[in-house]
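Report on the following structure.
4 protein chains.
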Amino acid sequence: MIRIGVIGYGYWGPNLVRNCFEAKEAQVACVSDLREDRLALLNNRYPTVKTTRDFRELIEDPSIDAVAIATPVSTHYDLALKALQEGKHVLVEKPLASDTTQVQHLMDVAQKRNLVLMVDHTFVYTGSVRKIRELVETGGLGEIYYYDSVRVNLGLFQHDVNVLWDLAVHDLSIMDYVLPFRPCAVSATGLNHVPGGTENIAYLTLFFEGNLIAHIHANWLAPVKLRRTLIGASRKMIVYDDLDQAEKIKVYDKGITLNNHQNPEKLYQMLVGYRTGDMLAPQIDGTEALRREIDHFLHCIRQHEEPITGGSAGLRVVEILQAASQSMAQRGRPVELRLTTLEATA
Amino acid sequence: MIRIGVIGYGYWGPNLVRNCFEAKEAQVACVSDLREDRLALLNNRYPTVKTTRDFRELIEDPSIDAVAIATPVSTHYDLALKALQEGKHVLVEKPLASDTTQVQHLMDVAQKRNLVLMVDHTFVYTGSVRKIRELVETGGLGEIYYYDSVRVNLGLFQHDVNVLWDLAVHDLSIMDYVLPFRPCAVSATGLNHVPGGTENIAYLTLFFEGNLIAHIHANWLAPVKLRRTLIGASRKMIVYDDLDQAEKIKVYDKGITLNNHQNPEKLYQMLVGYRTGDMLAPQIDGTEALRREIDHFLHCIRQHEEPITGGSAGLRVVEILQAASQSMAQRGRPVELRLTTLEATA
Amino acid sequence: MIRIGVIGYGYWGPNLVRNCFEAKEAQVACVSDLREDRLALLNNRYPTVKTTRDFRELIEDPSIDAVAIATPVSTHYDLALKALQEGKHVLVEKPLASDTTQVQHLMDVAQKRNLVLMVDHTFVYTGSVRKIRELVETGGLGEIYYYDSVRVNLGLFQHDVNVLWDLAVHDLSIMDYVLPFRPCAVSATGLNHVPGGTENIAYLTLFFEGNLIAHIHANWLAPVKLRRTLIGASRKMIVYDDLDQAEKIKVYDKGITLNNHQNPEKLYQMLVGYRTGDMLAPQIDGTEALRREIDHFLHCIRQHEEPITGGSAGLRVVEILQAASQSMAQRGRPVELRLTTLEATA
Amino acid sequence: MIRIGVIGYGYWGPNLVRNCFEAKEAQVACVSDLREDRLALLNNRYPTVKTTRDFRELIEDPSIDAVAIATPVSTHYDLALKALQEGKHVLVEKPLASDTTQVQHLMDVAQKRNLVLMVDHTFVYTGSVRKIRELVETGGLGEIYYYDSVRVNLGLFQHDVNVLWDLAVHDLSIMDYVLPFRPCAVSATGLNHVPGGTENIAYLTLFFEGNLIAHIHANWLAPVKLRRTLIGASRKMIVYDDLDQAEKIKVYDKGITLNNHQNPEKLYQMLVGYRTGDMLAPQIDGTEALRREIDHFLHCIRQHEEPITGGSAGLRVVEILQAASQSMAQRGRPVELRLTTLEATA
């Protein structure tokens, strides 16, 4: 039985607690939050769980094996560092930390102490995203041309990060999991409409070495909720609509055909043909992502394994977010991704 | 009765011919196309219309008052110039020409000869776009925050222009008509997936002086057809879905509220409130846009008026497209719009 | 504080327990179910609640004030009767009992002992249905012409009642609440596809004295889930789609106009005009229906009031279901509703 | 070249004329209509076609081989009969005539004179319906359980027939084509809301000998347009939505499983299992139905063949409509179909 402490019982914390509660090999030992009313709510639902307003009490409790952190982004680094230093395995809500230096330090500490460091890239554990990865790997999509995502709704405005760090982080973590390539540069644009706030609408383009481009539209100020991703490829194309209860993934047997005519005088437009066939909506495993993720966290702790969404995945995503913020401040001026380049040349 | 000649009977030409045919004060005098089979098709439907493979025959015909041009973009300038030089009023399919120099020259010639020069910014003449303009002007939207459009489908790949010049041009012409501000700079990204082709997927951000940002996603290689625009504003927000047969325009009484707390220690997120109310889908006038547009063209000819979508509108749109192509070649580096700046300083 | 016992912890029971748990003036004292595994599940979530496999233990517990029954329909009467006889207020899942004689007996016992008897017509307590009633009463719909509902999905097949008793009961309870008239006869058709089973697909028409007709399609064997009601009226029309997360109620300013021409030779079709205007989707109160319903139950107990969905409402719905089953056995032969007739003649 | 005369240039006539015009082996020789303005409209579009206000002129023209009739239902019989008597092949808009006696007489005359008599059951010629028939025949649907169709919209109110004769006739013609069984009885309900009018809302159940039931909801007074058919079967299920431009047909790998337990004490509900798998939307041939239908008419004339939608199909559909009108007048009392019974006993 792995004993887990949860820091933060705001928006996401209750989901963590509920899923830890229902996991067979875990026990929720303690929950901390600064707000008494949040703790009272927890006590009502789970009278047997210990609560505290001081996270140190939780982190320093020697009976606790692992800590799950669901607090504002700006506090991730400090809390995760202290928990690692106390010898706890750590699961941090996305994004892992506020910059790549922080992430790299957390990774170092975790590695030296042989602890699991995992980031809560929730979507990676959904049946939909796992199906997309399966389709990319074996589904005959052909060459991937683009990845385009729209993730917009009204609120919740964050106060310590812009909308890319809050919403686009989901898309970046999905891409990190399903795409076989890493981006080499980004261009981002956006705007803030709240005095003293951060960008609440943003557009992010990711450039890759080859024939691939990616783009994300993230928006806290949209009249409708949209969660739709288009994946274009040479043989098949995917539409992933996370709000479609019945058919989240649709695979279209559609595309263009290119004819290699010898005669250069032939019109170019003759060379592009359009191909359209059946559409298949595969059945998706509906297991709650967080349930699968908690199980994976517990598994990695027991087996001393690196999680699918470990420090490296967290680092790659944070690097993109950092570069995007830089580009956005300069109206889309492209910014190169150095870690990727280093990886490629290593 | 105004006698009209139509050059080009490909994709758009038949719509022009049909609408000119049904307009009470116009007469389709002649249609030219390089392809015999296209002319045969026309002859079958309209046995009384004269046809020719040589556009000069049409342009030089003294009995013809006006010429409508529906040919590839790269030919617009030459054809429009010759027609103006022959004293014809001219309606050119969008975009008006290939660069701002060409547009300015056409405008000069038209002005000197007192002829109508009009660009076929079709959407400006739809009931939906006119309703949006009405809502912007008098509908209590409040301050406009963003304009976001997605215009994607499979095909038709153009051979002489990229996807921005083919699809985003519609959104630019709509914005030019409904927004009370002009963009001052652009950042664009995109990619071409066809050897020897132009960008078939592109993203374009438009920057404005104030609190407004605009963005367009244009794509010839999408598995589904989407035509959706979100307009965010301080009091109400609009969703314009051109493919929704029943409710093209939805006006949401939604937004955020900002509380001016005196206490600076209060959390920022407390300051942003979310407001949600009724949604209204106003009835839209379903008159075919091209029908209304042809009537406006005829009206401007008779009354010697400048069309709503005259040379100036065409020039503004072409300048943005030119700047976007430049930016796209440099991975999103921002490019300023000079004409707008000149206008503003003039 | 009103102490509540819940009988049955299958599909609906957990919702009852959760909402009673969160109601301020109620306390879940005991839950009974025949299945150990269901009680174990409850114990895991609510360690403080007493459980038993013997419902008598619960019913006879003098510390319990009220009993909520969420068991198969065929057991409703016996359980409710025993609970009333033990002096408990009773809330019974829909439908109230298996026939009108049972319902009338329950009503008699409750009245004599001055106890609240309420049926769980859940939809009556949703924001959507309350909005519809408001629109019918004051929204200018005009004369109501028809009420048409489709309620289909795959499963769950019930073993003791047919699909009308399981699904159409929702529509009948909604109609009972929102329509100003009572039906006078029914015609029903349906079929059973499972050996030994009950009708899993059924169609029910309700006739009214005046210009109104109602129809329900209920189906356990549909490939898609649909929950859509059309309400036609002389001035406005309503579409109520319970699966539309954003816009459950749409009010269409649409209809026909009838011209009273003097000239009888005029063609009839000239007399019918079509009128179409704006569509309004009013904001809907999203409070969970069961939460509001439990509060109403508690209120009626404290104030000795008759619930909105008391015995009379339950009786009217059960009478229709009984008549529908009779009609269905005779391929749609119409069956009159006697209670309604008695009411009318009384 | 087959020379065709078209009687009636109202709502449907223009589609007939256009498709005959574009058919290679046909020639539109003459069009008749009582209204001058309709003929003027035709003359404007097709200046070469002869027009007349007197249908006799058309029918008696010896140069005309075939006549297409697109007039109100009540005139079908007289016009078709006269045309056949003049030796013309005849295509009649649906439904073929006003009662079975009329249809049988038309069939007799056509047979004696060796002429083609065809009814315009348009949907039979759509790619969607042909795909459904293919799926029923070879697509592994298993045993068909039900056919459920909703066909509603606002208008057009007909003056000489009720809504079943106008809208449900489409569904009946589709069922006649795709289902391997014939109905044996009907029950119908409906209501008229216009003084002096016919039923504008109607529900029709069709009973079959075996495990199959069918139902149609037809409505001229609906706030939204719906065209959706559900086909339930033992192995797969179909949703056919004629308004879905991209995916008109969806085939769901869904259903129930029945376990043949030996133990009779096992609960019934244990016996029903739910099976859910992928959904496939097959590509649909988008050829205009009327184009394919006209070609079939011409083919039958040349080859002296019985059309797919000949007199027999027309007769079966009219018999159902007649029985439905009888049942509707008696609030759903079931009415047997005699022709079907005769067929079965023959």
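Protein chains in written order, with the working numbering: chain V, 13 to 358; chain E, 13 to 358; chain F, 13 to 358; chain X, 13 to 358.
Even for Gly, the Cβ is constructed at its ideal location relative to N, Cα and C.
Bear in mind the structure is a predicted one, so any value in this text is a computation, not a measurement.
Using a CB distance cut-off of 8 angstroms, E:Q257 does not count as an interface residue toward chain F.
Counting only the Cα atoms, V:P84 lies some 15 angstroms from V:R50. Judged by DSSP in its simplified three-state form, F:A197 adopts strand. Under the Cβ criterion of 8 angstroms, X:P59 is counted among the residues facing chain E. For X:G222, there is no enclosing beta strand (DSSP E), since its DSSP letter is neither H nor E.
In the DSSP assignment, V:K262 forms a beta bridge with V:V251. F:A41: member of the beta strand (DSSP E) spanning A38 to S44, first to last residue. The C-beta of E:V236 comes closer than 8 angstroms to at least one C-beta of chain X. For F:P294, the C-beta contacts it makes with chain E under 9 angstroms involve G289, D290 and M291, in order along the chain. In the DSSP assignment, F:T113 falls within the unbroken alpha helix (DSSP H) covering T112 to K124. Under DSSP, E:A230 forms a beta bridge with E:R163 and E:A214.
Along the region 62-94 of chain X, the alpha helix (DSSP H) occurs as fully enclosed runs of 4 or more residues at 67-71, listed in sequence order.
E:I81 is positioned such that its CB atom lies closer than 8 angstroms to that of E:I19.
Contact of X:D160 with chain F is assigned, a C-beta pair being separated by under 8 angstroms. For the pair F:S86 and F:A95, the Cα-to-Cα distance works out to about 16 angstroms. The beta strand (DSSP E) runs lying completely inside the region 135-189 of chain X and spanning 3 residues or more are 156-166, given in chain order.
Going by DSSP, V:R15 is part of the beta strand (DSSP E) stretching over I14 to I19. The alpha-carbon separation between E:G222 and V:Q342 amounts to approximately 16 angstroms. Annotation: the continuous beta strand (DSSP E) that includes V:H101 extends over H101 to E105. Interface residue (Cβ-Cβ distance to chain V less than 8 angstroms): E:A197 is classified as such. In the structure shown, F:I332 falls within a helical segment according to DSSP collapsed to helix, strand and coil. For E:K260, no Cβ of chain V is located within less than 8 angstroms of the residue's own Cβ.
V:I306 sits in a helix when the DSSP states are folded into three classes.
DSSP places V:E348 in the strand class (E or B) of the three-state scheme. Between E:T134 and E:L302, the beta carbon gap of about 6 angstroms places them in contact (Cβ cut-off 8 angstroms). Assignment of X:L191 by DSSP, reduced to helix, strand and coil, places it in the coil class. Against chain F, a Cβ distance below 8 angstroms from X:Y215 picks out Y215, T217 and H227. In this structure X:P294 is buried. Its beta-carbon is surrounded by 16 or more other beta-carbon atoms within 10 angstroms. Cβ contact annotation for E:M249 (same chain, cutoff 8 angstroms, sequence separation greater than five): L153, L242, I243, V263, Y264, K266 and G267, in chain order. Our two residues, F:A92 and F:D132, have alpha carbons roughly 13 angstroms apart in a direct line. As DSSP reads the structure, V:R239 sits in a beta bridge with V:R163.
By the C-beta criterion, the region 95-114 of chain X is judged to be in contact with the region 313-330 of chain X, since at least 3 inter-stretch pairs fall below 8 angstroms.
Per DSSP, F:V128 lies in no beta strand (DSSP E) segment and is marked neither H nor E.
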